[in-house]
Amino acid sequence: MSKDKVKNIKQPTENNTPVVLQVLPELGQGGVEVGTIQIAEALTAKGYTNYVASQGGHLEYSLERMGVKHFTLPLKSKNPLTILKNADKLAEIIKKNGINIVHARSRAPAWSAYLAAKKAGVHFITTFHGTYGLGPWGIKKAYNKVMTFGEKVIVISSHIKNHVLQNYHTPEDKLVFIHRCVDTEKFNPEGVTEERLKSIIEQYELPTDKKIVLLIGRLTHWKGQHLLIDALAKIKERGDFHCVFTGDDQGRVKYTESLVEQIKSYHMEGDFTFIRHTDDVPALMKACDIVVSASIEPEAFGRIAAEGEAMGKIVLASNIGGSLDNLKDGETGRHFISGDAKDLSEKLEWALNLSDSERKKIATQARNFVKENFTKEIMCSKTIGVYEDLLRQTDVDNEQ
Numbered sequence: 001m002s003k004d005k006v007k008n009i010k011q012p013t014e015n016n017t018p019v020v021l022q023v024l025p026e027l028g029q030g031g032v033e034v035g036t037i038q039i040a041e042a043l044t045a046k047g048y049t050n051y052v053a054s055q056g057g058h059l060e061y062s063l064e065r066m067g068v069k070h071f072t073l074p075l076k077s078k079n080p081l082t083i084l085k086n087a088d089k090l091a092e093i094i095k096k097n098g099i100n101i102v103h104a105r106s107r108a109p110a111w112s113a114y115l116a117a118k119k120a121g122v123h124f125i126t127t128f129h130g131t132y133g134l135g136p137w138g139i140k141k142a143y144n145k146v147m148t149f150g151e152k153v154i155v156i157s158s159h160i161k162n163h164v165l166q167n168y169h170t171p172e173d174k175l176v177f178i179h180r181c182v183d184t185e186k187f188n189p190e191g192v193t194e195e196r197l198k199s200i201i202e203q204y205e206l207p208t209d210k211k212i213v214l215l216i217g218r219l220t221h222w223k224g225q226h227l228l229i230d231a232l233a234k235i236k237e238r239g240d241f242h243c244v245f246t247g248d249d250q251g252r253v254k255y256t257e258s259l260v261e262q263i264k265s266y267h268m269e270g271d272f273t274f275i276r277h278t279d280d281v282p283a284l285m286k287a288c289d290i291v292v293s294a295s296i297e298p299e300a301f302g303r304i305a306a307e308g309e310a311m312g313k314i315v316l317a318s319n320i321g322g323s324l325d326n327l328k329d330g331e332t333g334r335h336f337i338s339g340d341a342k343d344l345s346e347k348l349e350w351a352l353n354l355s356d357s358e359r360k361k362i363a364t365q366a367r368n369f370v371k372e373n374f375t376k377e378i379m380c381s382k383t384i385g386v387y388e389d390l391l392r393q394t395d396v397d398n399e400q
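For the sequence shown, this note's numbering begins at 1 and goes up steadily by one.
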């Protein structure tokens, strides 16, 4: 059976309630993993049976707490033989548990999930979470293309939608636009107590007499920490700011060392703080004034910018990728020209010069924008709607 035949699967009309299996590589702390847990929680709250399959990870405890069964398989592996073995095991799981929808969220496990869905005769959908590299001469395109094999393909931003249309020529009517979300209960300025705020300031010895500029992200070149250093160096005479980088270098020691040397070359050693990890991002954001997303390559969604808006901070983000969706230039923050330190420095000056009343106005607009477009409830409702529509359409087809 070819991939084009998947859409013609007929489910029994009596089984029109979603029984969902989400498939992903592992259950770490990334956005894909957190989104999987959020969907599992929403399905469970609605009374829908659902399962998750992955290689495992510390977020398994979240599934256990809500009573969602997790199947541990080596789904992170790209070995073709392992992918085929995983497909057989997933097919058994699907049949044994009455699963009627398989939702894949990454390439290697998507191949196993796709083959298993075909074998078991159930629905298959995907979420395109990123712009996967095509490799030299596009040799990876065939491997990546499994993410377009779903009856429905969820895309998380306009940038991802355009990427899929341009590179894989997927029919547009297969694509479903569902943004990633922000946990507005967690990222709520009113939810951060004075004790948490004080603890963060004291723990990291943040100055209270300067505006704090925050960039959260792995210490890697494409996240643009070096660009922010160059931009701040252009306005260092102001002397009224302090910059915080939060993120692990994950072994990229040379890049970290280059940032330190770059700061030294500008004689700005006292103007920067490096934090490898924090357990309280909302409190750290509340302690800061400006949140910067300086990525020099497009973010698939740009979660940090949206979280900064939810916290009522002034957000500056590159004018590429997901930030074009999640930030309204001039209303909820400002875009700057990607990779342009001079333009970023000008936007930083704008943010630093804002009056309290202007800052409050932008903060209110930013929080409202997130609540209207990027909440967990919106993302989960739309995703579950995709599941329900698939089965509803199957019933219609069976009646014809």
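Quick reminder that beta carbons are idealized off the backbone N, C-alpha and C, glycines included.
Helix, strand or coil for S323, going by three-state DSSP, please let me know.
helix
With a 10 Å radius around its C-beta and 16 neighbouring C-beta atoms as the bar for buried, classify V6 as buried or exposed.
Low confidence applies to V6: its pLDDT is 45, below 50, so where it sits in the model is not reliable, and the reading given next is rough at best. A residue is called buried once 16 or more other Cβ atoms fall within 10 Å of its Cβ, and V6 is buried on that count.
Assign R107 to buried or exposed, taking buried as 16 or more other Cβ atoms, counted over all protein chains shown, within 10 Å of its Cβ.
buried
Which of helix, strand or coil does DSSP assign to F71?
strand
Neighbourhood of I178 by C-beta distance below 7 angstroms, restricted to the same chain and skipping five residues each side
Around I178: I154, I156, M379, K382, T383.
If you count every other CB in all the chains shown that lies within 10 Å of the CB of D289, and 16 or more means buried, which is it?
buried
Using three-state DSSP, classify Q22 as helix, strand or coil.
strand
Give me the Cα-Cα distance between L75 and P109, rounded to the nearest whole angstrom.
Each residue's Cα considered, the two are about 5 angstroms apart.
For G312, the three-state DSSP class (helix, strand or coil)
Assignment of G312 by DSSP, reduced to helix, strand and coil, places it in the coil class.
Are three or more beta carbon pairs between the segment 42 to 60 and the segment 125 to 144 nearer than 8 angstroms?
no
With distances taken between CB atoms, is the gap from Y48 to V20 smaller than 8 angstroms?
yes
Helix, strand or coil at Y51 according to DSSP, with G and I counted as helix:
strand
Can you list, in chain order, the residues of its chain with a C-beta nearer than 6 angstroms to that of A117? Leave out the 5 residues immediately preceding and following it.
Listed in chain order, the non-local C-beta contacts of A117 below 6 angstroms within the same chain comprise V102, F124, local neighbours out to five positions each way being set aside.
Short of 7 angstroms in beta carbon distance, which residues of its chain neighbour D325, apart from the five on each side in sequence? Order them along the chain.
Taking C-beta separations shorter than 7 angstroms and ignoring five residues to either side along the sequence, the partners of D325 in its chain run S157, S158, H179, following chain order.
Short check: CB of A317 to CB of S293, under 8 angstroms?
yes
If you draw a straight line from the alpha carbon of M147 to that of R218, how long is it in whole angstroms?
26 angstroms
Going by DSSP, what residue range makes up the beta strand (DSSP E) through A104?
101 to 104
So which of E151, K236, G121, N97 has the shortest CA-CA distance to E346?
The shortest CA-to-CA distance from E346 to any of E151, K236, G121, N97 is the one to K236.
For S293, report the span of its beta strand (DSSP E) as first-last.
290 to 293
Contact check, H458 vs K210 under 8 angstroms by CB: the rounded distance?
Residue 458 lies beyond the stretch modelled for the chain, which goes from 1 to 400, so this question has no answer here.
L175, enclosing beta strand (DSSP E) - first and last residue:
175 to 177
What number of angstroms, rounded off, separates the C-alpha of G270 from the C-alpha of V260?
11 angstroms
Residue ranges of each beta strand (DSSP E) within the segment 101 to 155, 3 or longer
101 to 104, 123 to 128, 153 to 155
Would you list, in sequence order, the uninterrupted beta strand (DSSP E) runs of no fewer than 3 residues that lie entirely inside the segment 242 to 296?
Correct list: 272 to 275, 290 to 293.
Identify, in the order they occur along the chain, each residue of the same chain with its Cβ nearer than 7 angstroms to the Cβ of P25, setting aside the five sequence neighbours on each side.
Around P25, the same chain offers S54, Q55, L75, K76, S106, A108, P109 as residues with beta carbons nearer than 7 angstroms, after the five sequence neighbours per side are excluded.
Please list, in chain order, all residues of the same chain as Y266 whose beta carbon is under 6 angstroms from its beta carbon, the five residues on each side excluded.
A233
Note the first and the last residue of the continuous beta strand (DSSP E) segment covering H401.
Residue 401 lies beyond the residue range present for the chain, which begins at 1 and ends at 400; the question has no answer from this structure.
What residue range does the alpha helix (DSSP H) around V34 cover?
That run of the alpha helix (DSSP H) goes 31 to 45.
Taking I362 as the reference, give the member of E349, R334, D249 with the closest Cα.
R334
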